[in-house]
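Residue numbers (UniProt numbering): 1 to 953.
Glycine residues also receive a C-beta, built at the ideal position from the N, C-alpha and C atoms.
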Amino acid sequence: MEKALGAMQPPSTSGARTLTDARARLVYKGLFFLIFVLALTQVVVVHLHAVFPDAKPHPHAALALSRCRSLNASPGPSPNFYQRKESDRFAPGTKPTLLKNAKIWTGGHNGTEVIHADILLDKGLIKGIGHVGRATLQEYNVDLVTINVEGAWVTPGIVDLHSHIGDASSPELDGASGDDNSLKGPVLPWLRALDGLNTHDESYALSISGGVTTALVLPGSANAIGGQGVTIKLRKTAERSPTSMLLENPYSINASSARVEEHPRWRQMKHACGENPSRVYRNTRMDTVWAFREAYNKAKEIRDAQDQYCANVHAGHWNAIAGKPFPEDLQWEALVDVLRGRVKVQIHCYETVDLDDIVRLTNEFRFPISAFHHAHEAYLVPDVLKKAYGHPPAVAMFATNARYKREAYRGSEFAPRILAQNGLNVVMKSDHPVLNSRFLLYEAQQAYVYGLPENLAIAAVTSTPAEIMGMGHRIGYAKEGWDADLVIWDSHPLALGATPKQVFIDGIAQLESPYITDKPAEFQLKPTVPNYDQEARDAVKYEGLPPLEPTKAASSHVLFTSVKTLFARVGTDVEEVYNAQGEEIGVVAVENGSITCQGAWESCVTPALMAAAEIIDVHGGSVSPGLVTYGSPLGLEEISAELSTNDGVVYDPLVDKVPPVLGGDGAIVRAVDGLQYGGRDSLLAYRAGVTTGITAPSHYYFLAGISTSFSTGALHKLEEGAVIQATNAVHVSVRHFGSAPSVSTQIATLRRLLLEPAEGDAGLWFKEVSEGKVTLVVDTDSADVIATLILLKREVEEKLGSKIKMTIAGAVEAHILAKDIAAADVGILQVPSRPFPSTWERLRILPGRPLSAQSSIALLLSHNVTVGIGIEEAWSARNTRFDIGWAAIEAGGQISKAQALALGSTNIEKLLGGRIEIARTHDMVVTDGGDLLDPGSKVIAVISPRRRVVDLF
1 MEKALGAMQP
11 PSTSGARTLT
21 DARARLVYKG
31 LFFLIFVLAL
41 TQVVVVHLHA
51 VFPDAKPHPH
61 AALALSRCRS
71 LNASPGPSPN
81 FYQRKESDRF
91 APGTKPTLLK
101 NAKIWTGGHN
111 GTEVIHADIL
121 LDKGLIKGIG
131 HVGRATLQEY
141 NVDLVTINVE
151 GAWVTPGIVD
161 LHSHIGDASS
171 PELDGASGDD
181 NSLKGPVLPW
191 LRALDGLNTH
201 DESYALSISG
211 GVTTALVLPG
221 SANAIGGQGV
231 TIKLRKTAER
241 SPTSMLLENP
251 YSINASSARV
261 EEHPRWRQMK
271 HACGENPSRV
281 YRNTRMDTVW
291 AFREAYNKAK
301 EIRDAQDQYC
311 ANVHAGHWNA
321 IAGKPFPEDL
331 QWEALVDVLR
341 GRVKVQIHCY
351 ETVDLDDIVR
361 LTNEFRFPIS
371 AFHHAHEAYL
381 VPDVLKKAYG
391 HPPAVAMFAT
401 NARYKREAYR
411 GSEFAPRILA
421 QNGLNVVMKS
431 DHPVLNSRFL
441 LYEAQQAYVY
451 GLPENLAIAA
461 VTSTPAEIMG
471 MGHRIGYAKE
481 GWDADLVIWD
491 SHPLALGATP
501 KQVFIDGIAQ
511 LESPYITDKP
521 AEFQLKPTVP
531 NYDQEARDAV
541 KYEGLPPLEP
551 TKAASSHVLF
561 TSVKTLFARV
571 GTDVEEVYNA
581 QGEEIGVVAV
591 ENGSITCQGA
601 WESCVTPALM
611 AAAEIIDVHG
621 GSVSPGLVTY
631 GSPLGLEEIS
641 AELSTNDGVV
651 YDPLVDKVPP
661 VLGGDGAIVR
671 AVDGLQYGGR
681 DSLLAYRAGV
691 TTGITAPSHY
701 YFLAGISTSF
711 STGALHKLEE
721 GAVIQATNAV
731 HVSVRHFGSA
741 PSVSTQIATL
751 RRLLLEPAEG
761 DAGLWFKEVS
771 EGKVTLVVDT
781 DSADVIATLI
791 LLKREVEEKL
801 GSKIKMTIAG
811 AVEAHILAKD
821 IAAADVGILQ
831 VPSRPFPSTW
841 ERLRILPGRP
851 LSAQSSIALL
861 LSHNVTVGIG
871 IEEAWSARNT
881 RFDIGWAAIE
891 AGGQISKAQA
901 LALGSTNIEK
911 LLGGRIEIAR
921 THDMVVTDGG
931 DLLDPGSKVI
941 AVISPRRRVV
951 DLF
């Protein structure tokens, strides 16, 4: 019983005290540790604040860090770019294509690599070059399009580094064509060429037909900083928008703030110096350079502020940037990117003073130049260009387009070769529509003729511009992994008149049912070119103005030997009158500027002649009639843009009050009174075989005046033979000059002048026209106006019973009325020889191959129309021999060499009222190494019966 009661007693108090003490000790230890940690944390925090006083969390730290890291990201493709399986521009539904048996200029090995291989195109890419295996082909099954190009030349697509296509669109219209320049200020880096890109420009298809696949579209040159350019591909897209034409859309092109990218894309910026911004804003060069410096200083301040901001971000100084946005300005962000080396700067710049200014600017603000454009004096100062910050810029230039303003006066056809010899990259560009980019390859061909090596000449319109615009990783080369932009040519790319058989952009064939001409085998070979080493040296020696006056033959007797062919005027035509056969040695003997004998050596050469004559071997060359140029103000101007060097513009009675002292509305001006001799364009033309210039007074509107014929080789008007024909023809224009005078007003005026001759000199001349004694030359292009003129001619002839001599000059739509023109006995002077739809009244051109079966010239000739060709600007007179050679090539054998020579000589004289002179009084041109139509020949002499001399070059 006691045990039970004992079990019911309370527990011992000694055990309870032991448990409680243990728990207390644990609590005390925990509290001590917590106090220790808190104290240690406080010490660390105090220490961190001592080292990083602003180191506290920032709500946008990650974004700020990423943004700042991106500032130093270099533009260009990502490391895995060539792992792409399809192009970002691939158009779904495009079938794969295999080009078999191609002779491929790849662009590799500095442009010297040419391989014979197949090319596989798929997904917008070049998938393979070489022998494509059967297993690979079987993967494509029935979808593969196979084209056997049969050994044709294949190159990458032509790349135009300087174009205004789309922004200065064609035809030129008041409402939509002039979107390439802004007049809102000299410095406008925030503008974008994309915002003015017209997708309806008639030029796209034409340029593609010339092999152009990619163009850098730049703002114009009115501004010191004109804005941002964009690189486009010219093909139509399903979206039909300007944005869809872009190649590698720059990262911020459609955003108001920069996107953070590890590999940003290259941007493009247009600058201009010299005359253009000075003229537009009435500034001096000093003003323009200050505008540059002021703008770059602003950009530098923003860049430096960004760098300081990011220095705080990287250092964790968040308090220093608390409440402060990232320093940026939407207007200046592109120029800031220039300073960060993320923009390809393209600079319109001509003269040494401007080149030097810009080079100093680059070193002051430390930014590189992609290329100087135009740069007509760059070949004189290559070492100046090499001093540019970062690396020497490339030079993007014309081949022979020069002297149109003071800045271009020292331009030389030898500039490309000289620059290349000095280690500078050379690009040939169009400045479209200044030159029609359809014929950009022609610029490379001319550069090659004057000494630029073959590999560099082709590269100058393919791989080099691709590299200079930052796109060489995907265009400009025919290599596996590059974009499928290729051209199949009908001849060697540097052969005159080389024309695409097909053009691929992003693997898509661009020419639907192209018209192709099979050319002789020699057109597939590298063209031979003359030796111009001495001329190139002289260009530098004389600082761009080498003497151009010919040297007179040392003897009154000259004997040209090894003559292969002789073409001569027979009546009003040109015929081949001699062709050396076999081993026969042809000769042409000249005495006092007149040919005395021609033919085989045995029939002409005597011991007396051998003793007296200066003997010149022409190495299989030729003697041809001197060429004639018309259409430009040649002989009336020296520098087009410098009024003090020009004859000026005549008064027009339809829009001007003609001074009574001049004769009032009855006055008419004669071009002979304003002739200027010894001009560089005239002498260059003479040295290229163009011995006669025919020019009408310069005019803006309806009435021009009386044209004249003159010797391009004469040095003054009193020289014997300097004026060939004082008065040639009466010239008027019937065009759309704006709201007034209307075309119908001009026709009504012409009708009255022909049927009711006015008082004064004008009345007398138009009376001569009405009686069929003097030729009437009407400058117009529209087929509608030409039709009206044919009806007017018929009306006047019926009323007066006489036959009017009428020539239409310009006439690029004349092909539409070829049959009617022939029936009306109207002549055609097509200006230019390769038409372009620059205006509405030139819209309906016949483009020629590969877009049409015939050229307009060939079509007109097939209807027995008398046709001549002309030029628009004086600098191009020298290229007349190439123009007529091209016309013959384009006609596909329908035009003989004699007929081609007539296009540029006798036909022009007939069409412009030239009097048929006594036989053998016309100038004859001697070429070495080929005939006058061969770009590989060189003009070495002019035989001038009028001036009784033989001029040697």
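### Message
Can you give me the C-alpha to C-alpha distance between Gln308 and Ile302, rounded to a whole angstrom?
### Response
C-alpha separation (whole angstroms): 10 Å.
### Span of the beta strand (DSSP E) around Tyr389
For Tyr389, there is no enclosing beta strand (DSSP E), as DSSP marks it with neither H nor E.
### Task
Helix, strand or coil for Tyr686, going by three-state DSSP, please let me know.
The answer is helix: DSSP assigns Tyr686 an H, G or I state.
### Task
Work out the CA separation of Lys803 and Ala714 for me, nearest whole Å.
36 Å
### Query
Which term fits Val570, buried or exposed, when burial requires 16 or more other beta carbons within 10 angstroms of its beta carbon?
exposed
### Task
Under 6 Å Cβ to Cβ from Thr880, same chain only, skipping five residues before and after it: list those, please.
Leu627, Thr629, Val690 and Gly904
### Query
In chain order, what residues of the same chain lie with their CB nearer than 6 Å to the CB of Thr97, ignoring the 5 residues before and after it?
Leu121 and Val145
### Query
What are the start and end residues of the alpha helix (DSSP H) that includes Phe766?
Gly760 to Ser770
### Query
Excluding sequence positions up to five away, which residues of its chain have a Cβ less than 6 Å from the Cβ of Asn425?
Ala394 and Thr464
### Message
Which complete alpha helix (DSSP H) runs does the segment 860-948 hold, if anything under 4 residues is left out?
### Response
880-890, 897-903 and 906-911
### Task
Can you say whether Tyr542 is buried or exposed, counting buried as having 16 or more other CB atoms within 10 angstroms of its CB?
exposed
### Message
Looking at the secondary structure, which residues open and close the alpha helix (DSSP H) in which Tyr630 lies?
### Response
First-last for Tyr630: Leu627 to Tyr630, but that is the beta strand (DSSP E), not the alpha helix (DSSP H).
### Task
In the DSSP assignment, find the alpha helix (DSSP H) that holds Cys604 and state where it starts and stops.
Residues Trp601 to Cys604.
### Task
Name the residue from Asn864, Ala887, Ala444 and Ser862 whose alpha carbon lies nearest to the alpha carbon of Gly870.
Ala887
### Task
Return yes when at least one heavy atom of the ligand GDP lies under 6 Å from the C-beta of Asp681, else no.
Looking at this structure, you won't find the ligand GDP or any other ligand, since it has none at all.
### Task
Pick out whichever of Arg752, Ser624 and Pro850 has its Cα sitting closest to the Cα of Ala898.
Ser624
### Message
Taking a contact to mean a Cβ-Cβ separation below 7 Å, would you say Ala811 touches Ile828 in this structure?
### Response
yes
### Task
Determine, using beta carbons only, whether Pro186 and Lys270 come nearer to each other than 7 Å.
No.
### Message
Could you compute how far the alpha carbon of Ile119 sits from the alpha carbon of Ile232?
### Response
24 Å
### Contact between the segment 589-599 and the segment 936-952 (3+ Cβ pairs under 8 Å)
yes
### Query
Using a Cβ-Cβ cut-off of 8 Å (strictly less than) and excluding sequence neighbours within five positions of Val650, which residues of its own chain qualify?
Val669, Pro697, Ser698, His699, Leu703, Ala704 and Gly705
### Task
Check whether the segment 329-340 touches the segment 288-299, counting contact only when three or more Cβ pairs, one atom from each stretch, lie closer than 8 Å.
yes
### Query
In angstroms, rounded to a whole number, what distance separates the CA positions of Tyr677 and His716?
5 Å
### Query
If you draw a straight line from the C-alpha of Gly279 to the C-alpha of Ala168, how long is it?
A small fix is needed here, since residue 279 is Arg in this sequence, not Gly. Distance between the alpha carbons of Arg279 and Ala168 is about 20 Å.
### Query
Can you list, in chain order, the stretches of the beta strand (DSSP E) that have 3 or more residues and sit fully within the segment 244-324?
267-272
### Query
Do three or more CB pairs link the segment 438-456 to the segment 525-539 at distances below 8 Å?
yes
### Query
Quick one: any contact between the segment 348-360 and the segment 315-332, if contact means 3 or more CB pairs under 8 Å?
As far as the Cβ criterion goes, the segment 348-360 does not touch the segment 315-332, which means the pair count is below three.
### Query
What are the start and end residues of the alpha helix (DSSP H) that includes Asn422?
For Asn422, there is no enclosing alpha helix (DSSP H), as DSSP marks it with neither H nor E.
### Task
Taking Ile158 and Val461 to be in contact with their CB atoms under 8 Å, please state how far apart those CB atoms are, rounded to whole angstroms.
5 Å
#### Entry: Which listed residue (Arg842, Ala568, Glu86 and His348) has its alpha carbon closest to that of Ile126
Glu86
### Query
With contact counted as at least three CB pairs below 8 Å, one residue from each stretch, are the segment 178-192 and the segment 407-414 in contact?
no
### Task
Work out the CA separation of Lys552 and Pro493 for me, nearest whole Å.
38 Å
### Start and end residues, beta strand (DSSP E) containing Asn401
Element bounds for Asn401: n/a, residue is neither H nor E.
### Query
If you run the structure through DSSP and keep just helix, strand and coil, what is Lys805?
Coil.
### Task
Could you pull out every unbroken beta strand (DSSP E) segment of at least 3 residues lying fully inside the segment 132-202, listed in chain order?
145-148, 153-156 and 158-163
### Query
Where DSSP assigns a beta bridge to Gly693, which residues make up the other side?
Thr629 and Phe710
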